[in-house]
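Shown next, in structure tokens, is the structure this report addresses.
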Amino acid sequence: MARLLSQQENFMNQPSMLETLIKRAGHGCIFLLKFHWELNPIKMYRGRRKYRYREVPKKTFQDAKRCAEEQLDACSTEVIRRFINRSWCFMSAYRLGLTGKAAEWAVQKQRQHRQVSQRAMMSVEAVLG
1 MARLLSQQEN
11 FMNQPSMLET
21 LIKRAGHGCI
31 FLLKFHWELN
41 PIKMYRGRRK
51 YRYREVPKKT
61 FQDAKRCAEE
71 QLDACSTEVI
81 RRFINRSWCF
91 MSAYRLGLTG
101 KAAEWAVQKQ
111 RQHRQVSQRA
121 MMSVEAVLG
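Quick note on numbering: the UniProt record's numbering labels position 90 of the sequence shown as 90, and the sequence is numbered without any gaps.
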């Protein structure tokens, strides 16, 4: 019965309770994929902060706690913006049919705003073709 109801149009277009609660509070809501780090800027942010945290020597638990708070606050808005743009580029590469290493290479070579350039795609096709 639940499967049948979930396939009905008026149920499919219904926002979740969480999304409704967030929007009612006046905020925006974006659901990101859990396992693909290249599509999730939050994972990129966490990875960068974790790397920086491990670089700092800590002698006591209080030092570790203070360092963790400092590292979480240390990431600038510009860096977060770059993570989001990088995610957009990966989405563009996947939309164009690239996978794995080819998508990663195309994202590194891209020069267009938030998408993989045609030139990078032609280079990938030449290598794979």
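Here a beta-carbon is modelled for each residue, glycine too, at the ideal position from N, C-alpha and C. All values derive from a computational prediction rather than experimental measurement.
| Query | Result |
| --- | --- |
| Test item: CB-CB of Ala-68 and Tyr-51 under 8 Å | no |
| Where Phe-61 falls, given that 16 or more other Cβ within 10 Å makes a residue buried | exposed |
| C-beta atoms of Leu-18 and Phe-11 nearer than 8 Å | no |
| Buried or exposed by the 16-neighbour rule on C-beta atoms within 10 Å, applied to Met-1 | exposed |
| Rounded distance between the beta-carbons of Ser-92 and Asn-40, thought under 8 Å | Not confirmed; about 15 Å, so no contact. |
| Residue environment, Cys-29, which counts as buried when at least 16 other CB atoms sit within 10 Å | exposed |
| Inter-residue CB distance, Tyr-45 and Ile-22 (contact presumed, cutoff 8 Å) | Not really, about 20 Å apart at Cβ, beyond 8 Å. |
| Per-residue burial, Ala-74 [other beta carbons within 10 Å of its own, 16 or more giving buried] | exposed |
| Leu-72 and Arg-48 closer than 8 Å at C-beta | no |
| For Ala-102 and Tyr-94, believed in contact at Cβ under 8 Å, the rounded distance | Not really, about 10 Å apart at Cβ, beyond 8 Å. |
| Whole-number beta carbon distance between Glu-38 and Phe-90, since they are thought to touch under 8 Å | 4 Å |
| Beta strand (DSSP E) runs wholly inside the region 29-101, at least 3 long, in chain order | none |
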